[in-house]
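Numbering (our numbering), first residue to last: 33 to 389. Read through the structure below, which is laid out as structure tokens, and then see the notes.
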Amino acid sequence: HQPWPGLIQAYRHRLPVCDTWEPGWEPVTLREGATPLLPARALSELTGCDVHLKVEGLNPTGSFKDRGMTMAVTEAKATGKKGVLCASTGNTSASAAAYAAIAGLECAVLVPAGKIAMGKLAQAVMYGARIIEVDGNFDDCLELARKTTATFDTISLVNSVNPVRIEGQKTAAFEIVDALGKAPDVHALPVGNAGNITAYWRGYSEYHADGIIGSRPRMLGVQAAGAAPLVNGAPVKNPETIATAIRIGSPASWNQAVAAKDESNGQFRAATDEKLLEAYRLVAKTEGVFVEPASAASVAGLLAATADGWIEKGSTVVCTVTGNGLKDPDTALSSLPEIARVGIDPVAVAAAMGLTE
Ligand code: F0G
């Protein structure tokens, strides 16, 4: 039995590694990937579908970004870069910071001032990245990151506009097919900058082209209602949502996301913050999976699409839950129920539990 080696080694034959890289390069890896595909009993019962959660919050830095980042930082190191830079709503910065730390590269992260979840900031600090707050939103940060890396070629841009990021992230689709033994009928996931929906569609399409799966899923891309450019069909100038991870008004991978939706006979859908929070609480309470608010978009989309019949009963559905709930303790604690306080008294404890009989 071999230990899991990380994505690059596990899927090396399906990844664009090494053509232009320095001889002797090695993967920069935290053994990302191989995340659970969890059968979701309560959601299956609720929807009449066979629902599975792809739990990406169990990656090394707590989000799916690690799949792309192992590729992006390996490439940066293997092509002689000195530093990496990204724009981020938080998860990309945590991931870039961790991989840069083990690669021995400088790392700076451009984040929208005051709009990233506390846990993500803590991660970037601990991994030793330079945090640069920008007076603007994610879209402004990305423009600044693109301009900086276009001017200084010792700095590598590690956002998903870097093509190797998408390549790394497509491996999640491979893992799902390998676990299910087929493609799901529908794949639901949150959409912000639209890199991940692009990546999943590429993964499924490659397996399909190789005859490993006979069909590809319909892609259901879910955005927050206050940040839903793909649903509206136009960029959103001032995106706003409690799901800060997907607070993005002008997705970089717009065309690829639309292609994924069209080619798969899929759909974009918006979920209000209220529906996102409902799904966020439901998936924790009924499935035991604590995700961050943006991640619950896939579940909110599942609930809406089964309710209005876009997803038929009996369908096999995979919802990617993209990030770990621990990253955003503020949102979790904002709906804190009343907390009991007792003395050193077993009866009071049992009473607080409602279990004194
Ligand atoms: N879910 C989470 C938890 C995210 O952090 C992101 C993106 C998405 C979903 C959307 O994925 O952008 O590929 O459509 N976060 C980026 C970041 C923007 O900076 O961490 P996407």
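Ideal placement from N, C-alpha and C gives every residue a C-beta, glycine not left out.
query	result
Option nearest ALA284 by Cα separation, candidates ASN297, ALA266, VAL83	ALA266
Proximity of ALA74 and THR338 at Cβ, strictly below 8 Å	no
Neighbourhood of PRO249 by C-beta, 7 Å cutoff - its chain only, sequence neighbours within 5 removed	ALA215, PRO216, ASP217, VAL218, HIS219, TYR236, SER296
CB contact flag (VAL323, ASP82, <8 Å)	no
Rounded separation between SER247 and GLU54 - CA only	38 Å
Enclosing beta strand (DSSP E) for LEU117 [first to last residue]	115–119
C-alpha gap between ALA316 and SER327, whole angstroms	12 Å
Proximity of GLN201 and ASN228 at Cβ, strictly below 8 Å	yes
heavy atom of the ligand F0G below 7 Å from SER120 C-beta	yes
contact_flag[the region 301–315, the region 194–214] where n(CB pairs < 8 Å) is 3 or more	no
Candidates PRO271, ALA275, THR230: closest to ASN287 by CA position	THR230
Supposed close pair SER186, LYS113 - CB separation, criterion 8 Å	The residue asked about is misnamed: residue 186 is Thr in this sequence, not Ser. Yes, THR186 and LYS113 are in contact; Cβ-Cβ is about 6 Å, under 8 Å.
C-alpha distance - SER282 paired with ASN270, whole-angstrom precision	10 Å
The ligand F0G heavy atom lying under 7 Å from the CB of PHE170	yes
Coarse secondary structure for HIS240, derived from DSSP in three states	helix
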